[in-house]
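In UniProt numbering, the protein residues as written are 1 to 233. Glycine included, each C-beta is placed from N, C-alpha and C at the ideal position.
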Amino acid sequence: MKIEIWSDVMCPFCYIGKNNFEQALEKLPFKDEVEVEWKSFQLDPTLDPNKTQNTIQYFREKKGVPESQATQMLTQVTQMGKGSGIDFDFEKALITNTFSAHKLLHLAKKYNKSNEMEEALFIAHFIDGQNVGDAEVLISLAEKLGIDKDEARQAVTSDQLDYEVNQDILEARNNGVSGVPFFVLNGKYAVSGAQPVEVFENALQQTYKETVSPFKDLSGSNGASCDADGCSI
1 MKIEIWSDVM
11 CPFCYIGKNN
21 FEQALEKLPF
31 KDEVEVEWKS
41 FQLDPTLDPN
51 KTQNTIQYFR
61 EKKGVPESQA
71 TQMLTQVTQM
81 GKGSGIDFDF
91 EKALITNTFS
101 AHKLLHLAKK
111 YNKSNEMEEA
121 LFIAHFIDGQ
131 NVGDAEVLIS
141 LAEKLGIDKD
151 EARQAVTSDQ
161 LDYEVNQDIL
171 EARNNGVSGV
181 PFFVLNGKYA
191 VSGAQPVEVF
201 ENALQQTYKE
211 TVSPFKDLSG
221 SNGASCDADG
231 CSI
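As structure tokens, then:
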């Protein structure tokens, strides 16, 4: 069974969704039959890859969200994260263009390490406060996963993987995906947002047993997610 997950590195709900999905999968007897493919999605492709902002500044200047409201929202997300085993540090997180990070993710697919790379990118961005738009940071992450330094440099500094990233983004658009995380289960069902573990567990079980119309939303409700206009709980 194949699970495709559209995600962006700077989406906190994508990290929460990843953890909840993985916790659900671990409970299932067919977990070893599941193949996970991470797909690229950019929440804000207009960001300058040579600049960074802190999270509050980004919400205030780019989204027009008052600082008090942004602070309250981040506090809520931090609490959600703790429930999924994540210690977000939004004071350190640097907002920047994530296109190069997605190129690194596609390189990791070549070595069947995309899940490990996705986790490494989330940690770098949300916990360690690293600039995931910086080539040297990305190359260092690749090296830690055993990927050749020169190959990683070529991947993130050239356009050789641009097509793969753009294809993921186009596929999301063609399927009507406007927010992430977005999970497509075996090409038949869809789950949107950072749903609770139980929702993922039930959806995976149902998908394993049934064949239904494509992309029926099994979550039954809109989970916490991010789109081009911002994040909502």
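Residue range of the alpha helix (DSSP H) that residue i falls in?
i, result
"A142", "A135 to K144"
"V197", "V197 to K209"
"V77", "E67 to G83"
"C231", "Counting along the chain, C231 falls outside any alpha helix (DSSP H), though it belongs to the beta strand (DSSP E) covering G230 to S232."
"N115", "S114 to F122"
"G17", "P12 to E26"
For residue i, decide whether its Cβ has a neighbour in chain D, counting only Cβ atoms nearer than 8 Å.
i, result
"Q206", "In summary, chain D is missing from the structure at hand, where a single protein chain is found."
My understanding is that residue i touches residue j, with C-beta atoms under 8 Å, so please give their C-beta distance in whole angstroms.
i, j, result
"D122", "Y15", "Residue identity differs from the one stated: residue 122 is Phe in this sequence, not Asp. Their Cβ separation, rounded to whole angstroms, is 4 Å, which keeps F122 and Y15 in contact under 8 Å."
"Q195", "G223", "5 Å"
"S192", "G179", "7 Å"
"L185", "N131", "Not confirmed; about 34 Å, so no contact."
"I147", "L107", "7 Å"
"N19", "I86", "6 Å"
"F183", "I3", "6 Å"
Out of curiosity, what's the CA-to-CA distance linking residue i and residue j?
i, j, result
"R173", "D89", "31 Å"
"N166", "S40", "8 Å"
"D44", "N97", "7 Å"
"H125", "E119", "10 Å"
"E164", "E22", "25 Å"
"V212", "Q57", "Residue confidence is low: V212 scores 43 on pLDDT, short of 50, so the model does not pin down where it sits. Its coordinate-derived value is still stated next. Going by the C-alpha atoms only, they are around 44 Å apart."
"N115", "V197", "18 Å"
"W38", "E171", "13 Å"
Would you list the residues sitting across from residue i in a DSSP beta bridge?
i, result
"D148", "None; D148 has no bridge partner."
"F183", "I5 and V191"
"I95", "Q53"
Please classify residue i as buried or exposed, where buried requires at least 16 other C-beta atoms within 10 Å of its C-beta.
i, result
"Q160", "exposed"
"C226", "buried"
"T157", "exposed"
"E67", "exposed"
"Q79", "exposed"
"T75", "exposed"
"E210", "exposed"
"P12", "buried"
"T55", "buried"
"E35", "exposed"
"L52", "Looking at the sequence provided, one finds Thr at residue 52 rather than Leu. So T52 ends up on the buried side."
"D8", "buried"
Considering residue i, what are the terminal residues of the beta strand (DSSP E) in which it resides?
i, result
"C226", "S225 to D227"
"V165", "Note, V165: premise wrong, no beta strand (DSSP E); alpha helix (DSSP H) at D162 to N174."
"K39", "E35 to S40"
Below 7 Å, is the gap between the Cβ of residue i and the nearest heavy atom of the ligand FMN?
i, result
"Q72", "No copy of the ligand FMN occurs in the structure displayed, which carries no ligand at all."
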